[in-house]
Amino acid sequence: MSHIRIKSIHHKLVLTVVSIMLLLAAVTAGLVYYYEAKQAHDQTEKTLNQLLDTVSLTASIAAYSKNEQIAQDVLSGLLKNTVVQRVEIKSDEGFSLSQERQSLPIGTSVVKNLISPFNVGEVIGRVSLHASANYNREKAIQSAIFSIITSVSLIALTTLIILWQVKRQVSAPLSYVSNTLHAIEAGSVKRIPLLNSHKRDELGRLGGDINALLDTLGSQFDAERVLRKKVEVAEQQLRHIYNSSSAGLFVLDEQGELLNYNSTFTRILDNTEQANESLTTNDVFKRLLSQQDEFAILIKQALGSYQLEAHDFPLVEAGRSAPRWMHCLLSKMVDSSGDIVLEGVIFDVTERVHNEEIIKREAHYDHLTGMLRRNPAKMQFESYITNNPSANASFLLLDLDGFKQVNDIYGHHAGDQVLSIVAERLFKCVRASDVICRLGGDEFLIILMNDHDVNLKSEVANKILDSISQPISLDSDELVSVGVSIGMTDLRISQSTHFETLIKDADQVMYEVKNGGKNSYQIKA
Amino acid sequence: MFGLLVWTSYFKPMKFITLSLLLLFTSPLLADIVVIGNLQNSNPVMSARDVQEIYMGRKRALADNAIAYPIDNSDLRKEFYRYLTHRPIAQINAYWARLKFSGHRAPPEILLDTKGIISKVKANKNAIAYINDQYVEESEVRILFVIKESDEPYQN
Chain C
13 MSHIRIKSIH HKLVLTVVSI MLLLAAVTAG LVYYYEAKQA HDQTEKTLNQ LLDTVSLTAS
73 IAAYSKNEQI AQDVLSGLLK NTVVQRVEIK SDEGFSLSQE RQSLPIGTSV VKNLISPFNV
133 GEVIGRVSLH ASANYNREKA IQSAIFSIIT SVSLIALTTL IILWQVKRQV SAPLSYVSNT
193 LHAIEAGSVK RIPLLNSHKR DELGRLGGDI NALLDTLGSQ FDAERVLRKK VEVAEQQLRH
253 IYNSSSAGLF VLDEQGELLN YNSTFTRILD NTEQANESLT TNDVFKRLLS QQDEFAILIK
313 QALGSYQLEA HDFPLVEAGR SAPRWMHCLL SKMVDSSGDI VLEGVIFDVT ERVHNEEIIK
373 REAHYDHLTG MLRRNPAKMQ FESYITNNPS ANASFLLLDL DGFKQVNDIY GHHAGDQVLS
433 IVAERLFKCV RASDVICRLG GDEFLIILMN DHDVNLKSEV ANKILDSISQ PISLDSDELV
493 SVGVSIGMTD LRISQSTHFE TLIKDADQVM YEVKNGGKNS YQIKA
Chain P
289 MFGLLVWTSY FKPMKFITLS LLLLFTSPLL ADIVVIGNLQ NSNPVMSARD VQEIYMGRKR
349 ALADNAIAYP IDNSDLRKEF YRYLTHRPIA QINAYWARLK FSGHRAPPEI LLDTKGIISK
409 VKANKNAIAY INDQYVEESE VRILFVIKES DEPYQN
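Keeping their order, the protein sequence lines are chains C and P. Read in order, the letters of the first sequence are residues 13 to 537 in the numbering used here. Read in order, the letters of the second sequence are residues 289 to 444 in the numbering used here.
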């Protein structure tokens with residue numbers, strides 16, 4: 013409730029009414045003065061005309077006979093009337109006379125032609141009568157003053173009666189209602205007492221309506237209080253769920269800016285950068301994810317669809333060799349204010365991804381040599397050829413010479429040791445992009461990817477022959493030696509991209525080497 | 289005819305007055321009235337307006353600046369003034385009464401017999417009078433203006 017000092021409605025009313033009353037009185041006086049001045053003028057003119065009519069015959073005779081004595085008599089006669097200020101009489105062929113009371117300003121004037129008494133219509137002179145200007149004005153002022161006194165007294169009396177009645181019947185009860193209502197606090201049980209004399213009029217209804225509104229307001233206050241309490245509890249529960257969730261929950265805007273997140277989200281991210289305390293969660297999030305092109309793509313996908321989009325991301329952290337993995341789900345939502353936001357969930361799936369990696373590794377790689385198995389090698393080759401249709405690749409099929417003897421003499425364990433060392437040496441002879449595969453037993457396949465150099469096969473084969481022929485020291489400190497027979501072909505020579513065909517061709521050449529003295533290489537003709 | 293009756297009634301008034309009045313009203317015949325002046329009066333012939341102004345006192349002088357001396361003929365006065373001013377004798381008398389009161393002007397002298405009028409005109413060079421046309425002798429007086437008995441009253 014405001015405490016501004018309010019002006020009484022009744023005082024304002026009195027002020028307004030009195031001002032209007034004075035204005036009205038002034039206007040009335042002005043109108044009366046104007047009207048009376050006009051009336052006085054007309055009246056004077058009428059009087060002057062009547063005077064002229066009275067003397068016109070005598071004046072005509074004076075003018076006709078050019079008799080100044082009669083004319084002077086007429087003038088003095090006219091001047092005896094108080095209205096008349098100045099008189100002139102003129103005979104066209106004779107005299108021109110005038111008489112004047114005082115030298116005062118002239119108001120109304122009347123002129124009359126003198127007609128010959130014997131010749132009808134012949135003008136023989138003129139009489140003019142002038143009334144004093146003051147005469148009209150005084151008459152008008154007197155009338156105006158009288159009218160002002162009358163109207164002001166009437167209006168004032170009426171105004172006083174009306175104001176008194178308005179105060180008694182409207183202003184005072186209204187002030188009472190207003191002041192009472194002003195003192196009532198919202199939601200309190202106080203109400204406006206009903207006025208006995210206004211039970212059946214608008215004021216009574218106003219009081220009743222205000223009380224009804226206050227009742228409604230009070231019950232709404234209570235209902236809202238209860239509701240707010242409920243909402244608070246529900247909100248706390250939801251917040252608890254949100255914060256204690258094992259998933260990291262967050263909200264992004266369309267530009268990928270972090271708007272909101274729970275404590276799990278912070279915990280997951282903070283694990284990655286615990287050393288750097290000065291960075292906020294937002295900074296960390298942005299730095300980690302802004303490096304990820306896939307994340308930008310995921311945001312785009314989520315904005316473009318109404319489905320849940322999911323992707324796994326590695327979080328590369330300083331001082332840790334293996335990345336941690338995050339599984340991230342994003343979905344587009346429209347929030348309460350109509351803006352588009354992205355709701356996201358992240359889980360730390362490092363453990364799971366790690367296990368998957370192990371399983372994948374066991375499925376794809378030979379445990380002993382760390383080489384690819386046959387099928388994964390085939391898939392890698394086929395995917396390479398699909399992506400690079402014009403590229404060439406060389407197939408080197410290797411078979412160890414003298415491995416069976418080592419196995420027979422020194423046992424399987426020694427055999428495994430030889431295979432492991434041979435594998436290490438082979439890895440050193442090729443580029444990282446080349447494929448090395450253990451086809452089985454002591455048989456290996458090397459695929460030289462993107463081999464456009466005609467001499468590369470021979471160079472690699474020579475390197476391999478040289479590397480494998482070096483003595484191998486076993487765990488039992490004994491030295492053994494093995495050789496290798498290499499059959500080679502490439503896509504151009506075999507005129508095929510078929511994996512099995514290429515292996516078959518290389519295999520044939522390899523047998524030719526075996527039959528021709530071993531420990532050498534040969535290229536398919 | 290009218291002139292003759294007036295003339296007779298003039299000489300035997302008591303005896304003929306009834307007859308003359310009777311004749312006056314039964315017979316509309318009226319004689320012409322002639323305005324005459326002295327033979328020596330050398331002014332041009334007068335207009336009806338000139339005659340009116342001289343007789344009503346608006347003008348005193350004749351064309352030659354001599355002060356005119358108008359004479360009224362008691363026999364023809366009523367007709368004469370009716371012709372000149374369109375007014376009855378009573379009003380003419382009232383008019384002169386006002387002028388006389390102011391002390392400035394006197395009305396024309398009224399003479400009763402035509403002979404006396406003619407001799408006065410013959411004797412006064414500036415005299416002007418009016419008489420019945422049958423008494424006019426052009427060797428004695430000069431004719432200044434003629435009012436025919438059929439003339440409507442003068443109206444300027």
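Even glycine gets a Cβ: it sits at the ideal position worked out from N, Cα and C. Bear in mind the structure is a predicted one, so any value in this text is a computation, not a measurement.
Q: With a threshold of 16 other CB atoms inside 10 Å of the CB of C:N367, please say whether the residue is buried or exposed.
A: Walking along the first sequence from the start, residue 367 of chain C turns up at place 355. Looking at its Cβ environment, which holds fewer than 16 other Cβ atoms inside 10 Å, C:N367 is exposed.
Q.
Residues of chain C with CB closer than 9 angstroms to the CB of P:Q340, please, in chain order.
A. Your numbering for residue 340 of chain P matches position 52 in the second sequence. Those are F130, N131, listed as they occur along chain C.
Q. With distances taken between CB atoms, is the gap from P:N420 to P:I321 smaller than 8 angstroms?
A. Start at 1 with the first residue of the second sequence, and residue 420 of chain P comes out as number 132. Start at 1 with the first residue of the second sequence, and residue 321 of chain P comes out as number 33. Yes, they are a contact pair.
Q: Could you tell me which of C:P326, C:S343, C:L342 sits nearest to C:P335, measuring between CA atoms?
A: As a position in the first sequence, residue 335 of chain C is number 323, starting the count at 1. Answer by Cα proximity: C:P326.
Q: Please check the pair C:G500 and C:F407, which I expect to be a contact at CB under 8 angstroms, by giving their CB distance rounded to whole angstroms.
A: As a position in the first sequence, residue 500 of chain C is number 488, starting the count at 1. As a position in the first sequence, residue 407 of chain C is number 395, starting the count at 1. The sequence given here places Met at residue 500 of chain C; Gly does not occur at that position. Contact flag correct, Cβ pair sits at about 7 angstroms.
**Q.** C:C441 versus C:D454, C:E455, C:K416, C:K469, residue with shortest Cα-Cα distance
**A.** Here residue 441 of chain C corresponds to residue number 429 of the first sequence, with the count starting at 1. Selected option, being the one with the closest Cα: C:K469.
Q: Tell me whether C:E321 sits in a helix, a strand or coil according to DSSP, three-state version.
A: Here residue 321 of chain C refers to the residue found at position 309 of the first sequence. Correct three-state label for C:E321: strand.
Q: Following the continuous alpha helix (DSSP H) through C:G452, name the residue where it begins and the one where it ends.
A: By one-based count along the first sequence, residue 452 of chain C stands at place 440. Where C:G452 is concerned, there is no enclosing alpha helix (DSSP H), although the beta strand (DSSP E) it sits in stretches over 447 to 452.
**Q.** Beta-carbon proximity list for C:L412, same chain, < 6 angstroms, skipping 5 on both sides
**A.** As a first step, residue 412 of chain C must be located in the first sequence, where it is residue number 400. Excluding positions up to five away in sequence, the list reads D454, V494, V496.
Q | Partner residues on chain C for P:G345, Cβ-Cβ distance less than 8 angstroms | A | One-based indexing of the second sequence puts residue 345 of chain P at position 57. Chain C residues near P:G345: S77.
Q) When the Cα atoms are used, what is the spatial distance from C:E289 to C:F439? A) Within the first sequence, the letter at position 277 stands for residue 289 of chain C. Within the first sequence, the letter at position 427 stands for residue 439 of chain C. With a pLDDT of only 49 at C:E289, under 50, the local geometry of the prediction cannot be trusted, and the value read off the model is given with reservation. If you take the alpha carbons of C:E289 and C:F439, they lie about 44 angstroms apart.
Q: Could you spell out the range, first to last residue, of the beta strand (DSSP E) harbouring P:A415?
A: Working through the second sequence from its first residue, we reach residue 415 of chain P at position 127. It spans 415 to 420 - the beta strand (DSSP E) in which P:A415 sits, taken as one unbroken run.
**Q.** Proximity of C:I480 and C:L409 at Cβ, strictly below 8 angstroms
**A.** Position 468 of the first sequence holds residue 480 of chain C. Position 397 of the first sequence holds residue 409 of chain C. The answer is no: Cβ separation not under 8 angstroms.
Q | Collapsed DSSP secondary structure at P:V434 in the structure displayed | A | Along the second sequence, one-based indexing puts residue 434 of chain P at 146. P:V434: strand per DSSP, three-state reduction.
Q.
Give me the subset of the region 369 to 398 of chain P whose CB atoms are less than 8 angstroms from a CB atom of chain C, sorted by chain position.
A. L372, T373, H374, R375, Y383, R386, L387, S390, G391, H392, R393
Q) Near C:V353, what residues of its chain come up, given a Cβ to Cβ distance below 7 angstroms and the 5 sequence neighbours on each side ignored? A) Indexing the first sequence from 1 puts residue 353 of chain C at position 341. Within the same chain, C:V353 has close Cβ partners V263, L264, D265, L271, M345, D347.
Q) Given 8 angstroms as the limit, is there contact between the region 115 to 127 of chain C and the region 427 to 435 of chain P, that is, 3 or more CB pairs closer than that? A) no
Q) Any C-beta of chain P sitting closer than 8 angstroms to the C-beta of C:Q111? A) Position 99 of the first sequence, counted from the start, is the residue given in the question as residue 111 of chain C. It does not; no Cβ of chain P falls within 8 angstroms.
Q: Please classify C:E289: does DSSP put it in a helix, a strand, or coil?
A: On the first sequence, position 277 is the one that residue 289 of chain C refers to. Since pLDDT at C:E289 reaches only 49, below the 50 mark, its modelled position is unreliable, and the value read off the structure follows with that caveat. Looking at C:E289 - three-state DSSP - the assignment turns out to be coil, as it is neither helix nor strand.
Q. Buried or exposed: P:F290, going by 16 or more other Cβ atoms within 10 Å of its Cβ?
A. For the purposes of this step, residue 290 of chain P is taken as the residue at position 2 of the second sequence. Bear in mind that a pLDDT of 45 at P:F290, under 50, signals an unreliable position, so the number given afterwards is only what the model happens to contain. So P:F290 ends up on the buried side.
Q: Could you list which residues in chain P have their beta carbon closer than 8 angstroms to that of C:I82, in chain order?
A: Within the first sequence, numbered from 1, the residue matching residue 82 of chain C stands at position 70. Correct list: R386, L387, S390.
Q) For the beta strand (DSSP E) that C:Q534 lies in, which residues bound it at each end? A) Taking the first residue of the first sequence as 1, we reach residue 534 of chain C at position 522. Counting along the chain, the beta strand (DSSP E) containing C:Q534 begins and ends at 533 to 535.
(Q) For P:A336, report the span of its beta strand (DSSP E) as first-last. (A) In the second sequence, the residue the question calls residue 336 of chain P occupies position 48. That residue, P:A336, is in no beta strand (DSSP E); its alpha helix (DSSP H) goes 336 to 343.
Q: Run through the region 338 to 379 of chain C for me and flag every whole alpha helix (DSSP H) of 4 or more residues, listed as ranges in chain order.
A: 362 to 376
Q: Find the residues of chain P that neighbour C:I153, judging by a C-beta separation of less than 7 angstroms, and give them in chain order.
A: One-based indexing of the first sequence puts residue 153 of chain C at position 141. The contacting residues do not exist; C:I153 stays about 43 angstroms from chain P at best.
Q. Which parts of the region 416 to 496 of chain C are runs of the beta strand (DSSP E), unbroken and 3 residues or longer, counting only runs that do not cross its ends?
A. 447 to 452, 455 to 460
Q. Cβ atoms of C:I358 and C:G199: under 8 angstroms apart, would you say?
A. If you number the first sequence from 1, residue 199 of chain C lands on position 187. If you number the first sequence from 1, residue 358 of chain C lands on position 346. No, these two residues do not count as a Cβ contact at 8 angstroms.
Q: Note down, in chain order, each residue of its chain lying with its Cβ closer than 8 angstroms to the Cβ of C:I73, except the 5 sequence neighbours on either side.
A: Counted from its first residue, the first sequence places residue 73 of chain C at position 61. Excluding residues within five positions, the ones whose Cβ falls inside 8 angstroms are N79, I82, P129.
Q: Have a look at C:V139 and C:K102 and give me their C-alpha separation to the nearest angstrom.
A: Numbered from 1 along the first sequence, position 127 holds the residue referred to as residue 139 of chain C. Numbered from 1 along the first sequence, position 90 holds the residue referred to as residue 102 of chain C. Distance between the alpha carbons of C:V139 and C:K102 is about 6 angstroms.
Q. Under 8 angstroms, do P:I416 and P:Y371 count as touching if we go by C-beta distance?
A. Counted from its first residue, the second sequence places residue 416 of chain P at position 128. Counted from its first residue, the second sequence places residue 371 of chain P at position 83. Not a contact, by the Cβ cut-off of 8 angstroms.
Q) Whose C-alpha, out of C:I433, C:L431, C:I459, is nearest the C-alpha of C:L444? A) Counting from 1 along the first sequence, the entry for residue 444 of chain C is found at position 432. Checking the sequence shown, residue 444 of chain C turns out to be Ala, not Leu. Comparing Cα positions, the closest option is C:I459.
Q) Excluding the five sequence neighbours on either side, which residues of its own chain have a C-beta within less than 7 angstroms of the C-beta of P:P358, listed in chain order? A) Taking the first residue of the second sequence as 1, we reach residue 358 of chain P at position 70. Taken in chain order, the residues that qualify are I342, Y343, P396, I416.
**Q.** Interface flag, C:I73 vs chain P, CB-CB below 8 angstroms
**A.** Reading the first sequence from its first residue, position 61 is the one you call residue 73 of chain C. It does; some Cβ of chain P falls within 8 angstroms.
Q) According to the Cβ coordinates, are C:S110 and C:V99 closer than 8 angstroms? A) In the first sequence, counting from the first residue as 1, residue 110 of chain C sits at position 98. In the first sequence, counting from the first residue as 1, residue 99 of chain C sits at position 87. Yes, Cβ-Cβ distance for C:S110 and C:V99 is below 8 angstroms.
(Q) Strictly by DSSP, which residues pair up with P:I321? (A) The residue you call residue 321 of chain P lines up with position 33 of the second sequence. According to DSSP, which records beta bridges pairwise, P:I321 is partnered with P:N420, P:I435.
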